[in-house]
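Residue numbers (our numbering), protein chains in the order written: chain A, 1 to 161; chain B, 1001 to 1161. Just so you know, even glycine gets a beta-carbon here, dropped at the ideal spot from N, CA and C. To start, the structure under review is shown below, and the notes come after it.
2 protein chains.
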Amino acid sequence: MLVTNIPDCPYYLLTRASLSVTAALKKEFVDADVSEVKPAYLGALMCLWTDEGMEEALAKFGTDTGIKLIDLGRCAGLEPSTMTGLIDRMERDGLVVRAHDPNDRRVQKVMLTEKGRAIQPAVMAVLDKTLDSVFDNIPEKHLTIVTDVLRKVLVNVNKGE
Amino acid sequence: MLVTNIPDCPYYLLTRASLSVTAALKKEFVDADVSEVKPAYLGALMCLWTDEGMEEALAKFGTDTGIKLIDLGRCAGLEPSTMTGLIDRMERDGLVVRAHDPNDRRVQKVMLTEKGRAIQPAVMAVLDKTLDSVFDNIPEKHLTIVTDVLRKVLVNVNKGE
DNA sequence: TGCCGATATTACGTATGCGTAATATATTGA
DNA sequence: TCAATATATTACGCATACGTAATATCGGCA
């Protein structure tokens, strides 16, 4: 694939779009008064929210609260070493707390704080609205193609190593 | 756009794809023995290569060599403050040099070194090959849709501010 | 000519992500 | 039981990008 014109390079477009959407999200969080939330937190937060919902459904209270830092990373697509700093910042911003697992003292369980739980609707509304605005004027069918292609890209890249 | 499942979120896919392709490119540069080149240099390098080609065509030797750091940033889609560090690293890696413009001492002109010029074919070959591998098995038509959508995304995001 | 707003760049702090190496704890096999 | 190995996390350094606040220089107008 010969590319000489930078604005036509799919790699250029991919990186710029990623950065732009991230910047837009960040701004929307501030405007919606949930400035504690950074785009990078979304993966971890959504894991925690989902997990807590499941626990509730299973009435598993008090038994196995929290998610291992490492599993949270797997779920959000991040390396363990990346998670340390991410959870540091989320803890600093009052969204989660760490606690050692008494059963396995190597493990840090990450748990939502009350605040981390409470902001869920606001955060999801911002995400919803921002994605709508970012993908405005793009036919459903094209969006599906884009997500399919990006999934294939992830597969292709992983195959290459 | 309601998203509850992270791997289906277009934002998640976009950021992961961007990071994955960047990592793949980095690795390919190392494997192709042009490890001085980092993916982030591509935009600036391609501007400089193109510019130098144009100058040659116009036989403008010795008159107006180099590109202003700020214009290089515009061309690569990067903020001026980002360019400082980028050109620092490119200079450290022997690909470019800075020189004050005698006509306007505020300006730093950025110029290719011999090495920066010499690696062009190898670097473009790596880019070419890597993009082929990353977008392997994706029909031409879909790739076109993806680039169109990403361009629209960039427009939509800029409209929002 | 000399001051003032504009322009180009740099400096500094922050966020985000990676890889490698160290640390702490668990588990397992002899 | 104890040494070897495996697992979970953290520490540290680097790359990449941004925004805001200096700094240096230019250009134009009184």
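Quick check on the burial criterion: 16 or more other C-beta atoms within 10 angstroms. Buried or exposed for residue i?
{"i": "B/Asp1051", "result": "buried"}
{"i": "A/Val155", "result": "exposed"}
{"i": "A/Lys109", "result": "buried"}
{"i": "A/Ser20", "result": "buried"}
{"i": "B/Ala1024", "result": "buried"}
{"i": "B/Gly1066", "result": "buried"}
{"i": "B/Arg1105", "result": "exposed"}
With C-beta atoms as the reference, is residue i less than 8 Å away from residue j?
{"i": "B/Leu1112", "j": "B/Leu1048", "result": "yes"}
{"i": "B/Gly1043", "j": "B/Gly1077", "result": "yes"}
{"i": "B/Leu1014", "j": "A/Ser18", "result": "yes"}
{"i": "B/Leu1002", "j": "A/Met1", "result": "no"}
{"i": "A/Pro166", "j": "A/Lys27", "result": "The displayed coordinates of chain A run from 1 to 161. Any statement about residue 166 of chain A would go beyond what the structure contains."}
{"i": "A/Met83", "j": "A/Leu72", "result": "yes"}
{"i": "A/Ile145", "j": "B/Ile1145", "result": "yes"}
{"i": "B/Leu1045", "j": "B/Val1097", "result": "no"}
{"i": "A/Val37", "j": "A/Ile87", "result": "no"}
{"i": "A/Lys159", "j": "A/Val107", "result": "no"}
{"i": "B/Asn1103", "j": "A/Lys152", "result": "no"}
Quick check on residue i - is its C-beta less than 8 Å from some C-beta in chain A?
{"i": "B/Lys1152", "result": "yes"}
{"i": "B/Val1134", "result": "yes"}
{"i": "B/Thr1147", "result": "yes"}
{"i": "B/Ile1006", "result": "yes"}
{"i": "B/Ser1020", "result": "yes"}
{"i": "B/Val1157", "result": "yes"}
{"i": "B/Gly1080", "result": "Looking at the sequence shown, residue 1080 of chain B is not Gly but Pro. Cβ-Cβ to chain A under 8 Å: no for B/Pro1080."}
{"i": "B/Tyr1012", "result": "yes"}
{"i": "B/Ala1024", "result": "yes"}
{"i": "B/Gly1116", "result": "no"}
{"i": "B/Gly1073", "result": "no"}
{"i": "B/Lys1112", "result": "For the record, residue 1112 of chain B in the displayed sequence is Leu; it is not Lys. B/Leu1112 does not count as touching chain A."}
DSSP beta-bridge partners for residue i?
{"i": "A/Ala99", "result": "A/Lys109"}
{"i": "A/Lys68", "result": "A/Lys109"}
{"i": "B/Asp1104", "result": "B/Asp1101"}
Tell me whether residue i sits in a helix, a strand or coil according to DSSP, three-state version.
{"i": "B/Pro1139", "result": "coil"}
{"i": "A/Thr144", "result": "helix"}
{"i": "A/Ser133", "result": "helix"}
{"i": "B/Met1124", "result": "helix"}
{"i": "A/Lys38", "result": "coil"}
{"i": "B/Ala1023", "result": "helix"}
{"i": "A/Cys75", "result": "helix"}
{"i": "B/Ile1119", "result": "coil"}
{"i": "B/Val1153", "result": "helix"}
{"i": "B/Phe1061", "result": "Per-residue confidence for B/Phe1061 stands at a pLDDT of 41, beneath the threshold of 50, marking its modelled position as unreliable; no derived number is given."}
{"i": "A/Met90", "result": "helix"}
Output yes if chain B places a C-beta closer than 8 Å to the C-beta of residue i; else output no.
{"i": "A/Leu127", "result": "yes"}
{"i": "A/His142", "result": "yes"}
{"i": "A/Ala17", "result": "yes"}
{"i": "A/Pro102", "result": "no"}
{"i": "A/Leu48", "result": "no"}
{"i": "A/Leu2", "result": "yes"}
{"i": "A/Ile67", "result": "no"}
{"i": "A/Leu131", "result": "yes"}
{"i": "A/Ile119", "result": "no"}
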